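Trainee: Okay, here's the structure, questions in a sec.
Below, the structure written as structure tokens:
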């Protein structure tokens, strides 16, 4: 197995960040693979034609994206630790991409191909200016498949960070990291079991950056020693795009109405009214009206944190969902 070993200094300096590049990588991997998630089926079907046309018109994308979707080791150029925390912009990350030399990119891509479970043609590596070409691929992928939905996706990522920060303050890093995977991953006092593959352990001294993404699948590391990041799947029922007209008809929606039932389900993970509006595609006024009714009924509570009010289910709200949710 492969461990990420955290020094005492690193444990004290772990933090969260948002990476538009990591979100773009996750979205493009999802579009490249077969869709195995019914909740994504409509979104996947809507975007597949444009995605396949794009691959057909861009030789670098057509070679690189199938590789990153079928490897256990991403090329370094597409796995960059975000440098500006939750304020990281895609432009920052694309700028870091263009600093790679052609030889660095070739070495990273060949290592990824060696770790792939499929065979890949690497003739495209003979081209020059690979860094600029690669940055253009991810800029185009962002513009077509991520940016139109970025307000919702960013709200999801912000909610996940808020959720993890709450766990961290209550239980510490061990419990917080354990909730990122379905199996136990914390080893001893200061290590994370990152992979079952037998690769060299990483010793981290400067603090690990935790980066949520909205797409499903495994996690990956971004390594530019001494800076390391771990990209993981965001928590909660809010991480997948909503399907228009897909309000559920069940006991909870019959009792509360479809709008308020959606918000109640969303608040299994705390959120602000703005985050709820972006996640659900509703107006802020509509969300505020639903929140007022749910609060008056004692199913949610709002707590002011700085300039924001964070809403969460009360114990009564949790019991209501448990009683009425479908098995």
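Numbering (our numbering), first residue to last: 9 to 335. Beta carbons are placed, not taken as given, at the ideal position from N, Cα and C, and that holds for glycine. Predicted model, so just to flag it, every value in this text is computed and none were measured.
#1: Examine the Cβ distances between the stretch 260 to 267 and the stretch 203 to 216 and report whether three or more of them are shorter than 8 Å.
#2: Bridge partners for residue 181 per DSSP, in chain order?
#3: From the DSSP output, read off the bridge partner residues of residue 240.
#4: Please report the straight-line C-alpha distance between residue 242 and residue 136, rounded to a whole angstrom.
#5: By Cβ distance below 6 Å, which residues in the same chain neighbour residue 143 in space, the five residues on each side in sequence not counted?
#6: How many whole angstroms separate the CB atoms of residue 310 and residue 317, which I take to be in contact at a CB cut-off of 8 Å?
#7: Start and end of the beta strand (DSSP E) containing residue 317?
#8: How close, in whole Å, do the beta carbons of residue 219 and residue 71 come, if the pair is a contact with beta carbons under 8 Å?
#9: Rounded to the nearest angstrom, what separates residue 163 and residue 286 at their Cα positions?
#10: Could you tell me the alpha carbon to alpha carbon distance between residue 133 and residue 80, rounded to whole angstroms?
#11: Please state if the CB of residue 154 and the CB of residue 239 are separated by a distance shorter than 8 Å.
#12: Is the stretch 27 to 41 in contact with the stretch 82 to 91, if contact means three or more CB pairs nearer than 8 Å?
#13: Any idea if residue 190 is buried or exposed, counting beta-carbon neighbours within 10 angstroms, 16 or more meaning buried?
#14: With three or more C-beta pairs closer than 8 Å as the rule, is the stretch 182 to 197 touching the stretch 62 to 71?
#15: Between which two residues does the alpha helix (DSSP H) holding residue 232 run?
#16: From 203, 222, 213, 270, pick the residue whose C-alpha is nearest to that of residue 229; which is it?
#17: Whether or not the stretch 273 to 291 and the stretch 167 to 176 are in contact is what I'm after, with contact meaning three or more pairs of Cβ atoms, one per stretch, closer than 8 Å; do they touch?
#18: What would DSSP say about residue 108, mapped onto helix, strand or coil?
Mentor: In terms of the structure at hand:
#1: no
#2: Start at 1 with the first residue of the chain shown, and residue 181 comes out as number 173. Paired residues: none, contrary to the question.
#3: By 1-based counting over the chain shown, the position of residue 240 is 232. Answer is 220.
#4: Start at 1 with the first residue of the chain shown, and residue 242 comes out as number 234. Start at 1 with the first residue of the chain shown, and residue 136 comes out as number 128. Between the alpha carbons of residue 242 and residue 136 lies a gap of roughly 37 Å.
#5: Residue 143 sits at position 135 when you count from the first residue of the chain shown. Once the five neighbours on either side are set aside, the close Cβ partners of residue 143 are 102, 105, 106.
#6: Position 302 of the chain shown, counting from 1, holds the residue named residue 310. Position 309 of the chain shown, counting from 1, holds the residue named residue 317. So it is a contact: roughly 5 Å between Cβ atoms.
#7: In the chain shown, counting from the first residue as 1, residue 317 sits at position 309. That run of the beta strand (DSSP E) goes 316 to 321.
#8: If you number the chain shown from 1, residue 219 lands on position 211. If you number the chain shown from 1, residue 71 lands on position 63. About 26 Å; that fails the 8 Å criterion.
#9: Along the chain shown, read from residue 1 onward, the residue named residue 163 stands at position 155. Along the chain shown, read from residue 1 onward, the residue named residue 286 stands at position 278. Straight-line Cα distance between these residues: approximately 6 Å.
#10: Within the chain shown, residue 133 is the residue found at index 125, counting from 1. Within the chain shown, residue 80 is the residue found at index 72, counting from 1. Approximately 20 Å between the Cα atoms of the pair.
#11: Walking along the chain shown from the start, residue 239 turns up at place 231. Walking along the chain shown from the start, residue 154 turns up at place 146. It is not a contact, given that the beta carbons lie outside the stated cut-off.
#12: In short, these stretches touch, since the Cβ pair count reaches three.
#13: For the purposes of this step, residue 190 is taken as the residue at position 182 of the chain shown. Exposed.
#14: no
#15: As a working mapping, residue 232 is identified with position 224 in the chain shown. Looking at the DSSP string, residue 232 is not in any alpha helix (DSSP H); the run it does join, the beta strand (DSSP E), is 228 to 232.
#16: Sequence index remark: in the chain shown, residue 229 carries index 221 (1-based). Ranking the options by Cα distance to residue 229, first place goes to 203.
#17: yes
#18: As a working mapping, residue 108 is identified with position 100 in the chain shown. When DSSP states are grouped into helix, strand and coil, residue 108 belongs to the coil group.
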